[in-house]
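**Student:**
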Amino acid sequence: MTRTALVLRHDPGIGLGNVAPTLASHGYAVTTIDTPGGDVGALDPLDWDVVVALGGTEGAYETDAHPYLAAEIELLATRAAARRPILGICLGAQMLAAALGARAYRGDAHEVGLLAVDLTPAGTASPVRHVAGVRMVEWHHDTFDLPDGVELLATSPSYPQAYGVGRWLLAVQFHPEVDDVILDGWIDRWSAEVHTGLTAEDLRADAAQHLDAAQAASRAMVGEWLDGLAGPDGPDVKND
Numbered sequence: 001m002t003r004t005a006l007v008l009r010h011d012p013g014i015g016l017g018n019v020a021p022t023l024a025s026h027g028y029a030v031t032t033i034d035t036p037g038g039d040v041g042a043l044d045p046l047d048w049d050v051v052v053a054l055g056g057t058e059g060a061y062e063t064d065a066h067p068y069l070a071a072e073i074e075l076l077a078t079r080a081a082a083r084r085p086i087l088g089i090c091l092g093a094q095m096l097a098a099a100l101g102a103r104a105y106r107g108d109a110h111e112v113g114l115l116a117v118d119l120t121p122a123g124t125a126s127p128v129r130h131v132a133g134v135r136m137v138e139w140h141h142d143t144f145d146l147p148d149g150v151e152l153l154a155t156s157p158s159y160p161q162a163y164g165v166g167r168w169l170l171a172v173q174f175h176p177e178v179d180d181v182i183l184d185g186w187i188d189r190w191s192a193e194v195h196t197g198l199t200a201e202d203l204r205a206d207a208a209q210h211l212d213a214a215q216a217a218s219r220a221m222v223g224e225w226l227d228g229l230a231g232p233d234g235p236d237v238k239n240d
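According to UniProt numbering, the sequence shown is numbered sequentially starting from 1.
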């Protein structure tokens, strides 16, 4: 049976990337909406088996400047209230936190590069376990407070890195979608704005050493999460 996935994209250069083949191999037909020019408010939040909210240069708190973000947060809130599967990535994780009643905001630290994350005990029993000991792509300055009712799955020294609810909700601050093409584009566009002292050459050297492992861990993580949706507590059963 073909399942459906709605992808909320904020920039063509911040696309589905490495996550796309995992969705395809699990039988998902993908519809991508470019939210800055799309009518998010016209979408039925419950019309899809999975919603994936991707990253972006916007802040989840910039809803006045970017009204489509408010519409996305409302879509995610409605979907979360129905306990329907959601995967949030970076900005998507921040918007999902806002949809669950928490604060998203500009942080003090700029996390950029391929960096290790620390799993919590709950994280080691979740799909996030696949990123243990693997350097994952980070590229953000914003963060969020942990919403009530979620499990913290991973952290860094500066920020929460992953949280979840049951089998149906997974949110990650790091970037499982990033492949070679996406990362090259980010380095070309934004490496001059990085405030960590890393140069474009540093980022490319780290990618040559660590990105293949990050992509493999990401496919395993997303694949296990999707497998959980297809189990006895899958998307048609709105419990944990």
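Quick reminder that beta carbons are idealized off the backbone N, C-alpha and C, glycines included.
Treat the numbers as computed from the prediction; the structure is a model and nothing was measured.
Can you tell me which residues form a DSSP beta bridge with M1?
**Tutor:** Here residue 1 refers to the residue found at position 1 when the sequence shown is read from its first residue. Answer is none; M1 lacks a bridge partner.
**Student:** Would you mind reading off the limits of the beta strand (DSSP E) that contains V181?
**Tutor:** The residue given as residue 181 occupies position 181 in the sequence shown. Element bounds for V181: not the beta strand (DSSP E) but the alpha helix (DSSP H), D180 to W190.
**Student:** Short of 6 Å in beta carbon distance, which residues of its chain neighbour T155, apart from the five on each side in sequence? Order them along the chain.
**Tutor:** Here residue 155 refers to the residue found at position 155 of the sequence shown. Closer than 6 Å at Cβ, skipping near neighbours: D118 and Q161.
**Student:** Label L226 either buried or exposed according to how many other C-beta atoms from any shown protein chain fall within 10 Å of its C-beta, with 16 as the threshold for buried.
**Tutor:** As a first step, residue 226 is located in the sequence shown; it is residue number 226 there, counting from the start. So L226 ends up on the buried side.
**Student:** Could you spell out the range, first to last residue, of the beta strand (DSSP E) harbouring R135?
**Tutor:** Stepping through the sequence shown from its first residue, residue 135 is reached at position 135. That run of the beta strand (DSSP E) goes R135 to F144.
**Student:** Which partner residues of Y163 appear in the DSSP bridge assignment?
**Tutor:** As a position in the sequence shown, residue 163 is number 163, starting the count at 1. L152 and A171.
**Student:** Classify S25: buried if its beta carbon has 16 or more other beta carbons within 10 angstroms, exposed otherwise.
**Tutor:** Here residue 25 corresponds to residue number 25 of the sequence shown, with the count starting at 1. Burial call: exposed.
**Student:** For A97, which of helix, strand or coil comes out of DSSP?
**Tutor:** In the sequence shown, counting from the first residue as 1, residue 97 sits at position 97. A97: helix per DSSP, three-state reduction.
**Student:** What I want to know is whether the C-beta of Q94 ends up closer than 7 Å to one or more non-hydrogen atoms of the ligand NAD.
**Tutor:** The ligand NAD is absent from the structure shown, which contains no ligand whatsoever.
**Student:** Measuring only the C-alpha atoms, how far is F174 from M1?
**Tutor:** The count along the sequence shown starts at 1 and reaches residue 174 at position 174. The count along the sequence shown starts at 1 and reaches residue 1 at position 1. The alpha-carbon atoms of F174 and M1 are separated by roughly 31 Å.
**Student:** What residue from M221, P12, T4 and Y28 has the CA that sits closest to G164's CA?
**Tutor:** Position 164 of the sequence shown holds residue 164. Residue M221 is the option with its Cα nearest to G164.
**Student:** Which runs of the alpha helix (DSSP H) fall wholly inside the segment 13 to 94 and span at least 4 residues, in chain order?
**Tutor:** 20 to 25 and 67 to 81
**Student:** Thinking just about the alpha-carbon of each residue, which of L91, W139, V7 and W168 is nearest to the one in V150?
**Tutor:** Counting from one through the sequence shown, the residue named residue 150 turns up at place 150. Per the Cα distances, W168.
**Student:** In the DSSP assignment, find the alpha helix (DSSP H) that holds E201 and state where it starts and stops.
**Tutor:** One-based indexing of the sequence shown puts residue 201 at position 201. That run of the alpha helix (DSSP H) goes A200 to L229.
**Student:** Under 8 Å Cβ to Cβ from I33, same chain only, skipping five residues before and after it: list those, please.
**Tutor:** Your numbering for residue 33 matches position 33 in the sequence shown. Around I33: L6, V7, L8, R9, V40 and L43.
**Student:** Ordered along the chain, which non-local residues of its own chain (more than five positions away) have a Cβ less than 6 Å from that of G55?
**Tutor:** Here residue 55 corresponds to residue number 55 of the sequence shown, with the count starting at 1. The residues are I14, I89, C90 and L91.
**Student:** Which residue from V19, D180, F144 and A125 puts its Cα closest to that of L153?
**Tutor:** Walking along the sequence shown from the start, residue 153 turns up at place 153. For L153, the nearest C-alpha among the options comes from A125.
**Student:** Give a yes or no on whether 8 Å exceeds the smallest Cβ distance from A125 to chain C.
**Tutor:** In summary, chain C is missing from the structure at hand, where a single protein chain is found.
**Student:** Which of the three DSSP states is assigned to V117 in this structure?
**Tutor:** Counting from 1 along the sequence shown, the entry for residue 117 is found at position 117. In the structure shown, V117 sits in coil (DSSP, three-state: anything other than H, G, I, E or B).
**Student:** In whole angstroms, what is the alpha-carbon distance linking D236 and A213?
**Tutor:** For this step, residue 236 is matched to residue 236 along the sequence shown. For this step, residue 213 is matched to residue 213 along the sequence shown. Residue confidence for D236 is low, a pLDDT of 44 falling below 50, so the modelled location carries little weight and cannot support an answer.
**Student:** Is the segment 131 to 139 touching the segment 72 to 85 in the sense that three or more CB pairs, one from each, lie closer than 8 Å?
**Tutor:** no
**Student:** Do you know offhand how far P127's Cα is from A20's?
**Tutor:** Translated into positions along the sequence shown, residue 127 becomes position 127. Translated into positions along the sequence shown, residue 20 becomes position 20. Cα-Cα distance, rounded: 17 Å.
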